[in-house]
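See structure below.
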DNA sequence: ACCCTCCTACCGAACGTTCGGTCGCTCTAA
DNA sequence: TTAGAGCGACCGAACGTTCGGTAGGAGGGT
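Residue numbers (the numbering used here), protein chains in the order written: chain A, 1 to 230; chain B, 1 to 230.
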């Protein structure tokens, strides 16, 4: 195999394994040696592809967060109605967490593992803020246009985002509900939460979802902790 | 001070500090020495009150989960209407996570840190199942009685529970919304999610909420990671 | 076709540090 | 006088990371 390809392949396998292990056990509970064993290398070999354990985590998180932002802006492009935008925000966040459960669990839950005050951490927080601004704007516009009736916009946003992100904890592609059913149900709940008077016409284009490049292939041998299997 | 009291006090301070550190940094990222420093002891001193680090975590989780179950059953006692029961489930789960954010974050998120197959882990999973059964039953009863219209009961339950448990990540007692407002809003969202036709008359008695005995006093100096401060 | 050199992916071994946990002593309150 | 809370010192193991070395493909000259 070409050396360039070999390097790219090793980097990809390391990141895929890292996403899997960080999501299952947590960053702090995963050692470089665990990671090396998973990709068939020694711990020293890992450091040819990664400058440090924390830089690896930061890289995974930054790419994932940026991918979510890009996908969201692709989906919202040209959509004006606040109800449509809210529906697309709910669908895309839910679908992203359903289809990339490992990546999104690391993205959502490992910020505390990055050194406080470090540049990468601040950058990722800024990305998160930029993403949430799309929600803030959609809700504020809906209220301003009189099509949403919301008591507390921050409260509503946090409730709906928790609902969507929670999907990564329980969704299974071979489970009882299809992704389309989940999205449709969550959109219905979200529109009820904002007392939307307008009808939703936008349909999410799932091909615009983020590509999480290191999401592990669905491990049939139960990649998820037992408590999430119900 | 009486020796018995001194022991009880040390045990309490250890558990309070453990809940705080486990919630902030995670179990794996917290060392016994971190814990000892927080309570003004050496690492060896800790082991006079705790048999092992994992047993300490299991103890915190078991007591928290049992407290939630007890409080839920106190609240639901004698309440027959499914709409009332759902409203009380939402209120109590939300309020528990708002008032005991550290305890509930450990309870919800550290199951993966317990040794797979261990007796304590299985016991805590069983407690969690027992708690969730109250939700399953309320939704199923509502559907059976014709007062709820739900496409997928499991889906609805998971969405609403995620919304409630997410509260521990952002709620602040000195924030913009009061606990009563949060509960009222979440109950409204929940009832809309099940297309409840019945009116809700039950009012949650907050004095029946679980007493999480080791929840740290609200640390004004920002006990929460920066990303949750918005 | 061949050799020679370079480069790079990776390994074996070790670094200093920190981990969870133990042991025996000291000190103190009852 | 005694029990036990807490401490100082320590254990073996594991941690993240580094370093010198090696195998083998890549590339150029002949």
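Beta carbons are placed, not taken as given, at the ideal position from N, Cα and C, and that holds for glycine.
For residue i, the first and last residue of its enclosing alpha helix (DSSP H)
i, result
"residue 97 (chain B)", "82-99"
"residue 150 (chain A)", "Segment: none, residue 150 (chain A) is in no alpha helix (DSSP H) and carries neither H nor E."
"residue 181 (chain B)", "179-193"
"residue 121 (chain B)", "119-144"
Local conformation of residue i per DSSP, three classes
i, result
"residue 169 (chain A)", "helix"
"residue 108 (chain B)", "helix"
"residue 203 (chain A)", "coil"
"residue 208 (chain B)", "helix"
"residue 160 (chain A)", "helix"
"residue 103 (chain B)", "helix"
"residue 113 (chain B)", "helix"
"residue 11 (chain A)", "helix"
Beta-carbon separation (whole angstroms), residue i vs residue j, contact threshold 8 Å
i, j, result
"residue 82 (chain B)", "residue 142 (chain B)", "3 Å"
"residue 18 (chain A)", "residue 60 (chain A)", "6 Å"
"residue 193 (chain A)", "residue 189 (chain B)", "5 Å"
"residue 93 (chain A)", "residue 165 (chain A)", "7 Å"
"residue 90 (chain A)", "residue 186 (chain A)", "5 Å"
"residue 210 (chain B)", "residue 88 (chain B)", "Not confirmed; about 13 Å, so no contact."
"residue 10 (chain A)", "residue 113 (chain A)", "Wrong, their Cβ atoms sit about 24 Å apart, outside the cutoff."
"residue 167 (chain A)", "residue 98 (chain A)", "5 Å"
"residue 62 (chain B)", "residue 120 (chain B)", "7 Å"
"residue 163 (chain A)", "residue 163 (chain B)", "5 Å"
> Which runs of the alpha helix (DSSP H) fall wholly inside the region 16-78 of chain B and span at least 4 residues, in chain order?
Replying inline: List check, alpha helix (DSSP H) in window: 32-39, 43-46 and 53-76.
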